[in-house]
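Counting with our numbering, you get residues 3 to 157 for the letters of the sequence shown. Note that CB positions come from ideal geometry on N, CA and C, so glycine has one too. Please read all numbers here as calculations on a predicted model, not as lab measurements.
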Amino acid sequence: MILHIDAQSRRDSGFTLLEIMVVLAIAGILLGVALERGPLRSEALSFSVARRQVVDLLHQAQDLSETRGETVTVLLDSAEGTFLTVEGHTLRTTRIHKPARVFVPTVSGGMMARASYRFMADGRVTGAPLMVVLGHHAALVSFSDVTGRIQIDER
3 MILHIDAQSR RDSGFTLLEI MVVLAIAGIL LGVALERGPL RSEALSFSVA
53 RRQVVDLLHQ AQDLSETRGE TVTVLLDSAE GTFLTVEGHT LRTTRIHKPA
103 RVFVPTVSGG MMARASYRFM ADGRVTGAPL MVVLGHHAAL VSFSDVTGRI
153 QIDER
């Protein structure tokens, strides 16, 4: 049995080398543009992650002090971007999500490099309000004098 394929059907059966090369060239250009821009980053997302990290850390310290019945101290080093949680003889260091910054604003408009927060077993908290800042995003984290509730005011 001899199978005959005419020239017309052979030309219609697939892509030519030229068509494949054009598609690969376009795909290469699109890939190059995507890689040149780098990974997609969102300032708002980075700020949200850092703010949530700070608030979660403070809530954990508060919960720990109330459940253990002991004072838990949290030390902020804004220059290093770290929090040191001290509970009894246990120390835990937490680094703030970069590039956000955390600092304690002063009445004169400056900022303190270090701050201390004490969470008591009865729910009270001592310590100055702190700011989480990234670009034009800012959140003021403060504590209620009466209840010790952690309050967040975004600006």
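Pair within 8 Å by beta-carbon distance, residue i and residue j
i	j	result
Arg116	Leu60	no
Ile98	Gln153	no
Thr87	Val76	yes
Glu82	Ala123	no
Residue i burial status per 10 Å Cβ neighbour count (16 or more: buried)
i	result
Ser80	buried
Ala29	exposed
Gly129	buried
Val25	exposed
Val104	buried
Leu132	buried
Rounded separation between residue i and residue j - CA only
i	j	result
Ala63	Ser44	29 Å
Ile22	Ala46	41 Å
Val176	Leu19	One cannot answer for residue 176 here, as it falls past the ends of the chain, which runs 3 to 157.
Ala141	Val74	23 Å
Arg157	Arg53	12 Å
Glu89	Val106	22 Å
Asp147	Leu33	55 Å
Val109	Ala36	46 Å
Gly111	Gly71	36 Å
Beta-bridge partners of residue i, as assigned by DSSP
i	result
Ile154	Val143
Glu45	Beta-bridge pairing links Glu45 to no other residue.
Leu20	In DSSP, Leu20 forms no bridge with anything.
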